[in-house]
Each structure stands twice: as structure tokens, then as C-alpha cells.
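According to the numbering used here, the residues represented by the sequence shown are 218 to 548, in order.
Think of the CB as a built atom: it goes at the ideal place given N, C-alpha and C, for glycine as much as any other residue.
Please read the structure below before turning to the comments.
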Amino acid sequence: MNAMILCFIFKYMKKILIIRFSSMGDIVLTSPVVRCVKQQKKIEIHYLVKSQYSAVLISNPYIDKLITFENSLNSMITTLKNENYDIIIDLQNNVRSWWLKLNLGRRSYTLKKGNIKKFIYIYMNLNYLNEHVVDRYFNTVKSLGVYNDNGGLDYFLKKNTVIEFDVSQDYIAWSIAGSFEQKKLCSKQIINVCNAVSHPIVLLGGVSESNMGKRIVSETTNKRVYNFCGQLSLDQSAYLLKKSRFVLTNDTGLMHIASALKKSIISFWGCTKPSLGFAPYLNHNQSIEILTNRSSPCSKHGSRCKIQDDGCIKQIDDKVIVRAVTDLLKR
Numbered sequence: 218m219n220a221m222i223l224c225f226i227f228k229y230m231k232k233i234l235i236i237r238f239s240s241m242g243d244i245v246l247t248s249p250v251v252r253c254v255k256q257q258k259k260i261e262i263h264y265l266v267k268s269q270y271s272a273v274l275i276s277n278p279y280i281d282k283l284i285t286f287e288n289s290l291n292s293m294i295t296t297l298k299n300e301n302y303d304i305i306i307d308l309q310n311n312v313r314s315w316w317l318k319l320n321l322g323r324r325s326y327t328l329k330k331g332n333i334k335k336f337i338y339i340y341m342n343l344n345y346l347n348e349h350v351v352d353r354y355f356n357t358v359k360s361l362g363v364y365n366d367n368g369g370l371d372y373f374l375k376k377n378t379v380i381e382f383d384v385s386q387d388y389i390a391w392s393i394a395g396s397f398e399q400k401k402l403c404s405k406q407i408i409n410v411c412n413a414v415s416h417p418i419v420l421l422g423g424v425s426e427s428n429m430g431k432r433i434v435s436e437t438t439n440k441r442v443y444n445f446c447g448q449l450s451l452d453q454s455a456y457l458l459k460k461s462r463f464v465l466t467n468d469t470g471l472m473h474i475a476s477a478l479k480k481s482i483i484s485f486w487g488c489t490k491p492s493l494g495f496a497p498y499l500n501h502n503q504s505i506e507i508l509t510n511r512s513s514p515c516s517k518h519g520s521r522c523k524i525q526d527d528g529c530i531k532q533i534d535d536k537v538i539v540r541a542v543t544d545l546l547k548r
């Protein structure tokens, strides 16, 4: 069926299910597609996501109904069938999403992940990806006449978000989190940077980074480093990102939220690389990307390193980070 006919059909389709189960950063990266689909006339959007990541979307005004699940989708099939969706947009593309589409029996449009291209890039150092993952998401809906408005990523904070911290001060936010140890800078690298910077620094991360944050605060000579790891809601973390001077971050979900909030970003890359398609989106003129010397990624998600067990990101020289921080402070 050609694109013209599909666009005509899309005008008469009212209810759409968008699927992206996880994870935080990937869900944020789908936000431009959600916005641009919603801009079509009289479209009702439902979004299916794992419960643990629902906070990313809870305040998104472009989503009419947020549907969450814990582990199993079996109990939801009847409920989803009763919604009578006209279209399913699958931005997950895994066994679960295929099983779900099979059971719902509706016209669907599915993300092409480019896994073969990723394999070639990781193991042969030949990069044929050449596009950001957001552009891959838009390729999924292009035949429906939905195009990128170049408005960037979205993240919507609740209006009543508050935190016991003086956000009026000129501080730097630093996300020390990572889905794998191999994607994180080590405590020593961060401590050395904190020692060289006189500005207040706020450390952000989850419960698993709590002890790391405590160690950094106790060992740095900068007495204006504050550890909020494991103490905040997602909105509170986003609020601190929004009010900061700029953001330092590993390749993690908070990096993409910072991008959605239009922050200047210094990002750190080791086992993963921006060229896999996950660089801060539409933020290049404000961003500094600090990479290890290795040109190709070690693994697709950063769970394995070809150089050292704890990740080649640990090879990034803290002096390079200090220079980047100094550069942004001068802007």
C-alpha cells in the first residue's frame, strides 16, 4: 500500500496504541513521535509502558491514556482488545511486543532497530547507522504522514514539584548513574573533578549510586557537593536538572531528560558511543561529548567492555572533564 493511501487512511483513524515498555531514556526519546502523532486531527493516544517507567510519561499532555503493567501482559489482552485500536505503533520491537500485536490483530507499524548495522559497527568498526534513534522512530510513522517537527524531546514536570535545596544558586548537576557499571565514571574521577571546581555540584542517581555519592561528598575538598542519589523522585531530579547551570552525565536516562529540558550537557562515553544514535538530541551546539580513544562501541547497551572489566569509561582523564567544565562556565 503506497504512502498516499496510508496517509488517507490515517486521517480516519482515531485511536492509536504506542508501545515502548522501557527504559527511561528510550521512553523520553519516543516523546517527539508522541507529540507529532497527537498533532494529527482528532487522534486519541494510548501509551503502553512498564509501571516502573510510568513516571516519565505521567504528565505528558499528548497522551490521553497511560497503560501500565508489571511483568505479564497476559491479563491485559482482553482489556486492550476492548479498546478497538485503529493502529498500533510499536517502538519496542521485541518478542513481547510482537506477541501483543499478534493477539490484538490490528494494523501495526514497527520500529526497525538496525541490529545488524549495530553488530557490524561493534565488531567490524564499520558504521552504517548514520541517524539518531529519534529519526529511526520517525521512520516508523513516516508512511502515515507523520514527520519530525524538530521540536526536540519532551519532559513535563508536575507544577507542584519542590525540593529542599536552594535552586537559585549557580550550581552544576551531575548524573553519576548508569544502567551498568561499565557506563559509569568511577568515584575517583568524579572526586578529582569536584576538587578542581569551586562551583556547587549536585549529585543525582538512584539508590544503587547512594553509597558512591556519599563517598564523593566525604572525600572531595569541595565542600559544596551535595548527594541526592536515591533520595528524590524522577520529577525532583528533573527539577534539579532544569534549574542547574549545566549538566554532567553518563549515557543514561537523565541525560535525555536534560536534553528535553534544553540544558547544556557534558556527556561521558566509553563502552557505548554517541554514534550508536543516542547522543543528546538536537543539543549539539550546547553539548560536549567526552569519549575514550576507542572509535567503535564495546557493546550495544554498554554491559560489556572490550578493554577492561569495569568499563573503558574509567580511562577518561579527569583533566579533560575539568577543561570542559571550565569551558561551559565561561560561556
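Straight-line Cα distance separating residue j from residue i
| i | j | result |
| --- | --- | --- |
| G395 | A413 | 23 angstroms |
| M429 | Q269 | 23 angstroms |
| L297 | L265 | 10 angstroms |
| S248 | L370 | 6 angstroms |
| E261 | N344 | 38 angstroms |
| F495 | V273 | 18 angstroms |
| T509 | Q406 | 14 angstroms |
| N193 | T543 | Nothing can be reported for residue 193, as the shown portion of the chain is limited to 218 through 548. |
| N467 | Y279 | 29 angstroms |
| V351 | D281 | 22 angstroms |
| V346 | K330 | A small correction: the amino acid at residue 346 is Leu; Val does not occupy that position in the sequence shown. Using only the alpha carbons, I get a separation of about 10 angstroms. |
| E426 | S516 | 22 angstroms |
| Q256 | L319 | 28 angstroms |
| C529 | P497 | 20 angstroms |
| Y302 | S360 | 18 angstroms |
| F382 | D535 | 27 angstroms |
| C522 | K232 | 43 angstroms |
Under 8 angstroms between C-beta atoms of residue i and residue j
| i | j | result |
| --- | --- | --- |
| Y364 | F373 | no |
| I389 | H416 | yes |
| N502 | I482 | no |
| S512 | N342 | yes |
| L458 | I433 | no |
| L402 | S454 | no |
| I323 | I304 | The sequence shown places Arg at residue 323, rather than the Ile named in the question. Cβ atoms of R323 and I304: closer than 8 angstroms. |
| E300 | H263 | yes |
| N199 | L321 | No answer is possible for residue 199: it lies beyond the span of the chain, which begins at 218 and ends at 548. |
| I538 | V410 | yes |
| F463 | K479 | no |
| L308 | I380 | no |
Residue i: first and last residue of the uninterrupted alpha helix (DSSP H) it sits in
| i | result |
| --- | --- |
| F382 | Taken as a continuous stretch (DSSP letters only), F382 belongs to no alpha helix (DSSP H), as it is neither H nor E. |
| L545 | 535-547 |
| E436 | 427-436 |
| I407 | 404-413 |
| K459 | 451-460 |
| V251 | 248-255 |
| A475 | 470-477 |
| K358 | In the sequence under discussion, the amino acid at residue 358 is Val, which differs from the Lys named in the question. Here the alpha helix (DSSP H) through V358 covers 350-358. |
| K159 | In the structure displayed, the chain extends from 218 to 548; residue 159 sits before or after that span and is not available. |
Residues near residue i in its chain [Cβ-Cβ closer than 8 angstroms; skip 5 each side]
| i | result |
| --- | --- |
| S271 | L283, T285 |
| S404 | M429, R432, I433, E436 |
Same chain, Cβ closer than 7 angstroms to residue i, neighbours up to 5 away in sequence not counted
| i | result |
| --- | --- |
| P514 | Y338, I339, C488, T489, K490, L493 |
| V358 | V250, V254, I306, Y326 |
| S520 | F397, Q399 |
| L202 | There is no way to answer for residue 202, as the model of the chain reaches only from 218 to 548. |
| G470 | S240, M241, G242, V245 |
Neighbour-count burial assignment, residue i, 16 or more Cβ in a 10 Å radius
| i | result |
| --- | --- |
| L234 | buried |
| D526 | exposed |
| F336 | exposed |
| W316 | exposed |
| R252 | buried |
| V554 | Nothing can be reported for residue 554, as the shown portion of the chain is limited to 218 through 548. |
| R237 | buried |
| T437 | buried |
| K259 | exposed |
| I533 | buried |
| N377 | exposed |
Cβ shell of residue i (< 6 angstroms), same chain only, five flanking positions each side left out
| i | result |
| --- | --- |
| E287 | S268 |
| V384 | K460 |
| S239 | K267, Y270 |
| I505 | I483, A541 |
| L451 | A272 |
Continuous beta strand (DSSP E) stretch holding residue i: start and end
| i | result |
| --- | --- |
| K267 | 261-267 |
| V560 | Nothing about residue 560 can be read from this structure; the chain reaches only from 218 to 548. |
| N467 | 464-467 |
| K232 | 232-236 |
Contact with chain C by residue i, beta-carbon distance below 8 angstroms
| i | result |
| --- | --- |
| K329 | The structure shown contains no chain C; it is built from a single protein chain. |
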